[in-house]
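Single-structure report; data block below.
As structure tokens, this is what we get:
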């Protein structure tokens, strides 16, 4: 039932996420564990100061943030034909992946960064059919700059606009200079705002590297964590194979949108590698991959016509594993 509902083309199925979302907020509010966000940017710090003594509000707004990401991602997925059929798996996967650890149901800096990246991606995916890309270049770069204010390592996403122009547009000096004006405008605004507020930003903390970049989960619950990682990884790889297969037989427009997403994925990999080597405690670094994992898994689960039984079985194994992890590992 769940598989067929989210595999359909009826937007009403998104409302099915509301009840689980409320239950997760309540469960997270009673959870004693809280995340550590040492890599949060100036905007994140201001929000945490504002809601420091209001944990229920933080959890509630955190879920709103997760759902906003999920709905926007699903809109992009369907509008730009990332799969052969319209479906609502991306929203389900994104919510499940983000909320599988209750510490992430919060004003998480990576979730803010992800949301602004999706707004930028939404604009960039229309660049192929635009006569002029000036406004697209400005808007997308401004969104990516806002992502950096919440999560400074998102600076690795900043070249995305130029990479997209290089991929699908003939060279135009005006178009290539527009992102620079967007970055300049964002920097001037941020400097003015934080200078007036007396906020000081120390960039040196983002340059302190650790020799031990990848740490195994704690022994208590390690098997469950590794199983979940393996499950998400395998399903994502299967979806990525399907994503590349679909590129080979897509129209030129669909190919361009898929290549744009792959450029974004490549920059996210660089961002994650950089964060992994920093000597700062940051919960949920793997949320950097929440968007591509949701897309690739959805590509695997979806498809026209009758779906193979193995897809349905793997879907329910994944869904039960997520629900079990939420109940027993938090």
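In my numbering, the protein residues as written are 55 to 384. Glycine residues also receive a C-beta, built at the ideal position from the N, C-alpha and C atoms. All values reported here derive from a predicted model rather than from experimental measurement.
- Counting C-beta atoms within 10 angstroms of its own C-beta, residue 195 has 16 or more neighbours from the protein chains shown and is therefore classed as buried.
- In the three-state reduction of the DSSP assignment, residue 332 falls in the strand class.
- In the DSSP annotation of this structure, residue 182 is not part of any alpha helix (DSSP H), being labelled neither H nor E.
- With 16 or more other Cβ atoms from the protein chains shown falling within 10 Å of its own Cβ, residue 372 counts as buried.
- Taking a C-beta distance under 9 Å as the contact criterion, residue 176 and residue 126 qualify as a contact pair.
- Of the candidates 162, 200, 229 and 285, the residue whose Cα lies closest to the Cα of residue 339 is 162.
- Residue burial annotation: residue 203 is buried, with at least 16 other C-beta atoms found within 10 angstroms of its C-beta.
- The same chain holds no residue with a CB closer than 7 Å to that of residue 247 once the five nearest residues on each side in sequence are set aside.
- Fewer than three Cβ pairs drawn from the stretch 321-334 and the stretch 286-299 lie within less than 8 Å of each other, which leaves the two stretches out of contact.
- Boundaries cannot be given for residue 159, as no alpha helix (DSSP H) includes it and DSSP labels it neither H nor E.
- The three-state reading of DSSP puts residue 142 in coil, since its state is none of H, G, I, E or B.
- The three-state secondary structure of residue 91, taken from DSSP, is strand.
- In this chain, residue 305 is not harboured by any alpha helix (DSSP H), its DSSP state being neither H nor E.
- In the DSSP assignment, residue 263 is bridged to 332.
- Contact check for residue 170 and residue 200: beta-carbon distance about 5 Å, within the 8 Å limit, so the pair qualifies.
- At a Cβ-Cβ threshold of 9 Å, residue 207 and residue 325 count as neighbours.
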